[in-house]
Amino acid sequence: MRFGAKFAIISSFWFCAQVHAQTLVYSLSYSETQASSRARFAPLPAQRSDAENLAILRNTRKNEIYSLTVADGKRSLLFSDEGMDLEIAAWGSVSGSAKVYTKGVWRYYATVPVSPANTTSYRGVKSEDGIYEFSLDGSNRFRKIADAQKEGRAVLNPQATKAAAESADAQSILIYSVPDWKLIATLDLTKLAKAHCPSCTPTNYGWMADGNRLYVEIVVVGEEDGDEAKADHPGTYILSPDGGDLGAIPADTGAFHLAGYVHPNFIERRFIGQLPDGRFLFLDFGVKQGKPLNQTEPFLVISGLPSKPQKYFPLKFQIGGWISPSGRYLAFTENRQTPDYRTELHLWVKDLESGEEKELLSAAPPNPPSSPEPNVALFVLGWMH
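Taken in order, the sequence shown gives residues 27 to 411; the numbers are from this note's numbering.
The following block contains the structure:
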């Protein structure tokens with residue numbers, strides 16, 4: 027199976043063979059250009075089949091979900107919505123038990139009344155939004171588990187028993203049980219910001235390693251005056267399962283102290299996540315001693331257990347990412363600008379023990395409207411065991 031000229035796969039891996047395999051899950055989303063759509067579909071509805079008239083309503087031509095094992099680079103197609111009346115979202119969350127949860131749109135033909143007061147009707151297309159569970163065993167099985175909500179992507183906890191999603195107004199986090207997708211808690215983010223940082227807004231959230239507590243990262247937005255600055259305490263705060271405020275991750279946890287570098291006080295570290303052993307993963311910045319403070323360099327910092335020394339890994343660029351279930355690897359992406367000022371996405375994996383990293387996949391930048399080939403976008407869904 028190949029991506030064609032628009033996709034490059036780098037198949038060499040450097041990880042030790044004795045390391046237990048970790049499997050990364052990602053999706054490829056194919057969207058039409060103007061030229062590829064014209065080549066695929068007749069211009070008038072009457073000239074197209076029923077299936078083609080449904081297909082032309084899709085936002086994407088197809089969405090495919092793949093697995094890629096870190097140990098040997100083996101890649102497998104797990105799910106595809108090509109040719110289906112169901113169009114899945116290209117992003118989602120994967121569980122360790124080989125399930126993906128994401129939104130989908132089901133389109134079908136139905137008799138549609140012209141108006142509520144009119145008895146005449148016509149044959150038209152209806153669509154239903156829902157949240158779906160997809161099996162990643164190659165069977166293409168799926169089932170709708172709930173009506174779609176307006177919030178964004180749901181993030182599964184490590185045990186895949188709960189999902190957290192930010193509300194449409196970004197004022198709260200909604201907690202759902204998995205797999206039945208019942209709302210079990212609503213956590214008020216405005217209350218958290220008011221208590222600790224009135225000038226802040228939430229920028230990042232996720233689960234702690236225990237799968238019950240959540241973290242919420244809040245940062246200052248805009249300019250602060252003197253009184254506001256005194257009242258504002260940005261950082262990463264921990265919430266209990268019922269939304270109780272458990273305080274921030276202490277500033278001295280993961281504090282930047284690397285020989286030969288200073289930490290500029292105008293820049294804040296960013297929290298990436300918690301490893302299964304309890305350590306914390308941060309993105310932070312340092313400046314070589316004697317250099318101007320605007321010459322910052324990014325570092326990955328692992329800290330949090332007195333029994334283990336703090337680790338620093340220099341980075342080529344700022345990263346976030348997805349921590350593997352074992353805590354051994356971090357998958358992350360790079361937006362790289364091409365000479366013609368387009369952006370292409372590159373997927374990397376970093377070994378959190380050795381610091382080694384390797385590029386796994388690269389997605390070509392968007393095609394011009396005149397291209398006969400569809401665009402291909404890459405999304406990371408997470409890790410399976």
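All C-beta atoms in this analysis are idealised placements derived from N, C-alpha and C, irrespective of residue type, glycine included.
Supposed close pair residue i, residue j - CB separation, criterion 8 Å
| i | j | result |
| --- | --- | --- |
| L218 | I244 | 7 Å |
| W233 | P276 | Going by Cβ atoms, the distance from W233 to P276 rounds to 20 Å, so no, they are not a contact pair. |
| P290 | F306 | At roughly 21 Å, the Cβ-Cβ gap does not stay under 8 Å, so P290 and F306 are not in contact. |
| L373 | V406 | 7 Å |
| S225 | V242 | Actually they do not touch by this definition, with Cβ atoms about 16 Å apart. |
Distance, residue j Cα to residue i Cα
| i | j | result |
| --- | --- | --- |
| V45 | D366 | Low confidence applies to V45: its pLDDT is 37, below 50, so where it sits in the model is not reliable enough to give any reading. |
| H259 | C223 | 5 Å |
| S106 | T364 | 30 Å |
| E323 | M410 | 32 Å |
| V126 | E90 | 12 Å |
| G130 | V120 | 15 Å |
| K88 | A115 | 10 Å |
| I210 | A235 | 20 Å |
| P394 | G273 | 49 Å |
| D377 | I349 | 10 Å |
| A403 | E113 | 15 Å |
| T59 | L83 | 14 Å |
| S37 | V375 | Since pLDDT at S37 reaches only 32, below the 50 mark, its modelled position is unreliable, and the value read off the structure follows with that caveat. Each residue's alpha carbon lies about 13 Å from the other. |
| K342 | L326 | 10 Å |
Boundaries (first-last residue) of the beta strand (DSSP E) holding residue i
| i | result |
| --- | --- |
| T49 | 49–57 |
| R362 | 355–363 |
| R296 | 296–300 |
| L162 | Looking at the DSSP string, L162 is not in any beta strand (DSSP E), and its letter there is neither H nor E. |
| A277 | A277 -> no beta strand (DSSP E), and no H or E assigned at all. |
Residue j beta carbon less than 8 Å from that of residue i
| i | j | result |
| --- | --- | --- |
| G156 | K176 | no |
| G280 | F308 | yes |
| S18 | N401 | No statement about residue 18 is possible, as the shown extent of the chain runs from 27 to 411 and does not include it. |
| P398 | A180 | no |
| S198 | T212 | yes |
Beta-ladder partner(s) of residue i, from DSSP
| i | result |
| --- | --- |
| D155 | V131 |
| A194 | Answer is none; A194 lacks a bridge partner. |
| I91 | S53, F105 |
| G150 | A136 |
| G237 | DSSP output for G237 lists no bridge partner at all. |
Start-to-end residues for the alpha helix (DSSP H) that takes in residue i
| i | result |
| --- | --- |
| K217 | 215–222 |
| D76 | 76–81 |
| S121 | Where S121 is concerned, there is no enclosing alpha helix (DSSP H), given that its DSSP letter is neither H nor E. |
| S63 | 60–66 |
CB contact below 8 Å: residue i versus chain D
| i | result |
| --- | --- |
| E154 | In the structure shown, chain D does not exist; there is a single protein chain. |
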